[in-house]
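Here is the structure we will look at, set down as structure tokens.
Numbering (our numbering), first residue to last: 4 to 402.
What follows is the structure, given as structure tokens:
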């Protein structure tokens with residue numbers, strides 16, 4: 004079932020026959036939701052099979068779920084029979100969402116439970132912009148309970164071991180980054196997540212576009228090609244962006260009336276203008292250049308840097324290696340010539356650390372039998388296409 008393509012860094016150990024010191028597997032942007040219309044992850048069978056294969060390994064294995072493992076952001080909060088998307092997130096709201104995610108994707112949780120039963124296996128949740136809820140201690144505790152493991156389950160923003168650097172990547176994206184020392188806002192009555200700008204925009208302005216009108220279209224890439232083919236969607240996104248931006252500016256001026264030292268949100272203005280103008284994903288930025296600029300003096304020869312966040316495969320080798328394997332969401336590439344949607348192949352990063360401590364990296368693929376989707380069919384009935392995609396992957400949506 005598992006295919007592979009090697010992108011080997013030249014500084015890897017020549018003695019490949021050596022018994023590896025450790026194996027590292029990085030799977031990013033899974034985005035498990037509640038199995039509802041906002042849940043774009045349907046590959047439970049493929050992912051759980053992969054994780055179970057890793058659980059059988061006898062040596063030291065680090066499995067890193069590299070950010071956006073859970074789509075808390077778009078996962079609804081179930082309250083009195085209603086599906087809500089509040090903008091102020093408390094620990095109880097996050098726990099409510101986690102229970103929904105667990106119910107919807109139990110095969111994956113069971114596979115992770117099996118993986119952590121071996122004390123030589125370590126499971127790392129690096130936190131991304133869709134699952135900042137993992138900062139809540141009670142959320143971490145509940146995941147420990149689901150997996151029946153604690154000593155080898157970790158939550159972090161960054162993994163750095165054996166010349167391998169792994170993080171989600173949103174910290175290099177101005178609209179998605181957070182202050183790690185200030186992840187919560189505390190009031191006398193409650194504690195809330197400090198959500199980044201893009202997350203606030205999704206919850207307050209854009210989630211209804213997905214739940215009420217276009218549940219499928221967010222899965223189509225590149226976004227600029229989609230918008231060129233769907234003028235009404237293009238207008239709707241620009242209108243919602245303008246409304247949200249205007250609301251934020253009004254909020255700024257009101258705060259400034261109270262506190263003259265309130266800083267003008269220059270970064271927000273610049274980023275929103277640039278992303279709308281270029282018709283790129285308004286909530287995600289290609290951050291590799293930002294990372295290389297910030298870390299250019301620290302990029303070490305022979306080191307491997309693994310990211311997620313932007314749902315595009317990436318590989319660059321210049322003594323060091325930067326790699327990104329793409330998302331596990333159900334996404335499609337738009338073929339303009341045939342006006343057909345091509346399902347993306349799921350992939351992950353595999354790193355072998357030799358006994359000498361030298362890492363070797365490859366991208367491996369998990370092929371799934373899927374059919375092409377005519378764009379016209381999606382436009383005619385997005386809900387039917389959601390069901391078709393889920394059926395092909397053996398997943399049952401809760402629509």
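We put the beta carbon where it would ideally sit given N, CA and C, even for glycine. If you're wondering where the values come from, they're calculated on a predicted model, not measured in any experiment.
Straight through space, the alpha carbons of residue 133 and residue 24 are spaced by roughly 33 Å.
Boundaries for residue 371: no alpha helix (DSSP H) harbours it, and the DSSP string shows neither H nor E there. Under the three-state reduction of DSSP output, residue 363 falls in the strand class. At a Cβ-Cβ threshold of 9 Å, residue 31 and residue 328 count as neighbours. Between residue 145 and the set 273, 116, 51, 212, the nearest pair of CA atoms involves 116.
When DSSP assignments are scanned along the segment 279-354, the uninterrupted stretches of alpha helix (DSSP H) that are 4 or more residues long and fall wholly within it turn out to be 291-298. For residue 27, no alpha helix (DSSP H) segment is defined; the enclosing uninterrupted segment is the beta strand (DSSP E) at 25-30. Residue range 64-69 is occupied by the beta strand (DSSP E) that includes residue 65.
About 5 Å separates the beta carbon of residue 37 from that of residue 78, a gap short enough to meet the 8 Å contact definition. Taken in chain order, the complete alpha helix (DSSP H) segments of 4 residues or longer contained in the segment 166-222 are 200-204. In the three-state DSSP reduction, residue 381 falls in the helix class (H, G or I). The three-state reading of DSSP puts residue 162 in strand, counting E and B together. In this structure, the beta-carbon distance from residue 342 to residue 387 does not fall below 9 Å. Apart from sequence neighbours up to five positions away, the residues of its chain that approach residue 218 with a beta-carbon distance below 8 Å are 40, 41, 385, 386, 389, ordered along the chain. Residue burial annotation: residue 256 is exposed, with fewer than 16 other C-beta atoms found within 10 angstroms of its C-beta. Within the segment 52-120, the runs of beta strand (DSSP E) that reach at least 3 residues and sit entirely inside it are, in chain order, 64-69, 80-82, 85-87.
With distances taken between CA atoms, residue 317 lies nearest to 365 out of 365, 306, 339. Three or more pairs of CB atoms, one per stretch, sit closer than 8 Å, so the segment 157-168 contacts the segment 289-309.
In the displayed model, residue 400 falls within coil according to three-state DSSP, outside both helix and strand. Bounds of any alpha helix (DSSP H) do not take in residue 125; it lies within the beta strand (DSSP E) bounded by 124-129. For the 9 Å CB-CB criterion, residue 108 and residue 214 do not form a contact. In this structure residue 209 is not in contact with residue 91, their Cβ atoms being roughly 17 Å apart against a cut-off of 8 Å. The continuous stretches of alpha helix (DSSP H) do not include residue 151, and DSSP gives it neither H nor E. Between residue 236 and residue 220, the gap from beta carbon to beta carbon is short of 9 Å. DSSP places residue 252 inside the alpha helix (DSSP H), whose first and last residues are 234-261. Contact check for residue 347 and residue 369: beta-carbon distance about 11 Å, past the 8 Å limit, so the pair fails to qualify. In this structure, residue 63 and residue 123 form a Cβ contact; the two beta carbons are roughly 5 Å apart against a cut-off of 8 Å.
Residue 76 has its alpha-carbon roughly 7 Å from the corresponding atom of residue 202. The beta carbon of residue 35 is closer than 6 Å to those of 44, 73, 104, 108 in its chain, skipping five residues each way along the sequence.
In this structure residue 374 is exposed. Its beta-carbon is surrounded by fewer than 16 other beta-carbon atoms within 10 angstroms. The distance from the Cβ of residue 156 to that of residue 147 is about 6 Å, consistent with a contact at the 8 Å cut-off. The residue among 106, 29, 83, 231 with its C-alpha nearest the C-alpha of residue 171 is 29. Nearest Cα to residue 56 within the set 118, 83, 99, 93: 118. When secondary structure is reduced to three states using DSSP, residue 224 falls in the strand class.
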